[in-house]
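One structure is given below, encoded as C-alpha coordinates.
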Amino acid sequence: GDLDGKKFKEVKALVDTGATFTVLPENVAKELNLPLMGEKVRVSTAKGYDELELTHALIEIDGKRRIVPVLVSRHIERTLLGVITLEAMQLRVNPITEKLEEYTARLY
421 GDLDGKKFKE
431 VKALVDTGAT
441 FTVLPENVAK
451 ELNLPLMGEK
461 VRVSTAKGYD
471 ELELTHALIE
481 IDGKRRIVPV
491 LVSRHIERTL
501 LGVITLEAMQ
511 LRVNPITEKL
521 EEYTARLY
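Each residue of the sequence shown is one higher than the one before, starting from 421 at the first, in our numbering.
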(Lines of atoms letter the chains of each structure in order from A; the text may use other names.)
(Lines give C-alpha, C1' and ligand atoms only; values in the text may rest on other atoms or scores of the structure.)
Protein backbone atom coordinates (compact mmCIF):
# COMPACT_ATOMS: atom_id res chain seq x y z
CA GLY A 421 0.00 0.00 0.00
CA ASP A 422 0.91 3.65 -0.12
CA LEU A 423 2.57 5.19 2.92
CA ASP A 424 -0.67 6.80 4.12
CA GLY A 425 -2.50 3.47 4.11
CA LYS A 426 -5.20 4.90 1.84
CA LYS A 427 -4.46 2.95 -1.32
CA PHE A 428 -3.78 -0.78 -1.36
CA LYS A 429 -3.29 -3.36 -4.07
CA GLU A 430 -3.65 -7.03 -3.27
CA VAL A 431 -0.92 -9.08 -4.94
CA LYS A 432 0.30 -12.64 -4.86
CA ALA A 433 3.92 -12.65 -3.77
CA LEU A 434 6.65 -15.22 -3.96
CA VAL A 435 8.47 -15.55 -0.63
CA ASP A 436 12.18 -15.47 -1.48
CA THR A 437 14.37 -16.10 1.57
CA GLY A 438 17.40 -15.53 -0.66
CA ALA A 439 16.31 -11.97 -1.46
CA THR A 440 17.32 -9.19 0.91
CA PHE A 441 14.64 -6.72 -0.21
CA THR A 442 11.03 -7.06 -1.25
CA VAL A 443 10.80 -6.21 -4.96
CA LEU A 444 7.69 -4.73 -6.58
CA PRO A 445 6.95 -4.71 -10.28
CA GLU A 446 7.17 -1.16 -11.64
CA ASN A 447 3.45 -1.09 -12.57
CA VAL A 448 2.44 -1.86 -8.96
CA ALA A 449 4.67 0.91 -7.59
CA LYS A 450 3.20 3.37 -10.11
CA GLU A 451 -0.38 2.33 -9.32
CA LEU A 452 0.27 3.03 -5.63
CA ASN A 453 2.08 6.31 -6.41
CA LEU A 454 5.05 5.22 -4.31
CA PRO A 455 7.63 8.02 -4.17
CA LEU A 456 10.99 7.02 -5.62
CA MET A 457 13.81 8.28 -3.42
CA GLY A 458 16.30 8.98 -6.19
CA GLU A 459 18.51 6.26 -4.77
CA LYS A 460 19.37 3.00 -6.48
CA VAL A 461 20.46 -0.24 -4.86
CA ARG A 462 22.84 -2.57 -6.68
CA VAL A 463 21.52 -6.13 -6.66
CA SER A 464 22.72 -9.49 -7.90
CA THR A 465 20.24 -11.55 -9.93
CA ALA A 466 20.31 -14.80 -11.87
CA LYS A 467 20.95 -12.70 -15.00
CA GLY A 468 23.77 -10.63 -13.48
CA TYR A 469 23.81 -7.27 -11.72
CA ASP A 470 21.19 -4.54 -11.83
CA GLU A 471 20.40 -1.27 -10.05
CA LEU A 472 16.85 -0.90 -8.76
CA GLU A 473 15.03 2.16 -7.43
CA LEU A 474 14.50 2.31 -3.67
CA THR A 475 11.20 3.34 -2.09
CA HIS A 476 9.06 2.39 0.90
CA ALA A 477 5.68 0.68 0.95
CA LEU A 478 3.08 -0.30 3.51
CA ILE A 479 2.96 -4.09 3.42
CA GLU A 480 0.12 -6.07 5.02
CA ILE A 481 0.28 -9.80 5.67
CA ASP A 482 -2.42 -11.56 7.70
CA GLY A 483 -3.62 -8.24 9.16
CA LYS A 484 -0.15 -7.11 10.29
CA ARG A 485 1.12 -3.89 8.67
CA ARG A 486 4.64 -2.49 8.41
CA ILE A 487 6.28 0.23 6.34
CA VAL A 488 9.37 -1.34 4.81
CA PRO A 489 12.00 -0.46 2.21
CA VAL A 490 11.26 -2.04 -1.16
CA LEU A 491 12.90 -2.03 -4.57
CA VAL A 492 11.11 -1.37 -7.85
CA SER A 493 11.87 -3.40 -10.99
CA ARG A 494 10.57 -3.20 -14.53
CA HIS A 495 11.95 -6.71 -15.17
CA ILE A 496 9.59 -8.71 -12.95
CA GLU A 497 5.87 -9.37 -13.09
CA ARG A 498 5.40 -10.88 -9.62
CA THR A 499 6.21 -9.37 -6.23
CA LEU A 500 9.12 -10.97 -4.39
CA LEU A 501 8.84 -10.92 -0.60
CA GLY A 502 12.34 -10.55 0.85
CA VAL A 503 14.00 -11.06 4.21
CA ILE A 504 13.84 -7.43 5.41
CA THR A 505 10.04 -7.51 5.14
CA LEU A 506 9.79 -10.95 6.74
CA GLU A 507 11.92 -9.83 9.70
CA ALA A 508 9.96 -6.58 10.09
CA MET A 509 6.77 -8.66 10.24
CA GLN A 510 8.34 -11.23 12.58
CA LEU A 511 7.58 -13.97 10.07
CA ARG A 512 9.62 -16.95 8.92
CA VAL A 513 9.05 -19.86 6.59
CA ASN A 514 8.29 -23.17 8.29
CA PRO A 515 10.41 -25.64 6.28
CA ILE A 516 7.97 -28.50 6.89
CA THR A 517 4.66 -26.80 6.08
CA GLU A 518 6.20 -24.21 3.71
CA LYS A 519 3.91 -21.61 5.33
CA LEU A 520 4.74 -18.31 7.01
CA GLU A 521 4.62 -18.38 10.80
CA GLU A 522 5.14 -15.75 13.48
CA TYR A 523 8.13 -15.78 15.80
CA THR A 524 9.36 -13.70 18.72
CA ALA A 525 12.06 -11.23 17.72
CA ARG A 526 15.41 -11.28 19.52
CA LEU A 527 17.03 -8.09 20.74
CA TYR A 528 20.41 -9.62 21.57
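Ideal Cβ positions, reconstructed from N, Cα and C, are used throughout, including at glycine. Keep in mind the model is a prediction, meaning the values are calculated, not measured.
For K450, the three-state secondary structure derived from DSSP is helix. Contact between the stretch 500-519 and the stretch 432-449 is present: three or more C-beta pairs spanning the two stretches fall below 8 Å.
When C-beta atoms of the stretch 425-433 are compared with those of the stretch 444-459, three or more pairs fall below 8 Å, so the two segments count as touching. For the options R498, L491 and V463, the alpha carbon positioned closest to that of P455 is the one of L491. In the structure shown, the three-state DSSP call for E518 is coil. The alpha-carbon of L520 is positioned some 5 Å away from that of R512.
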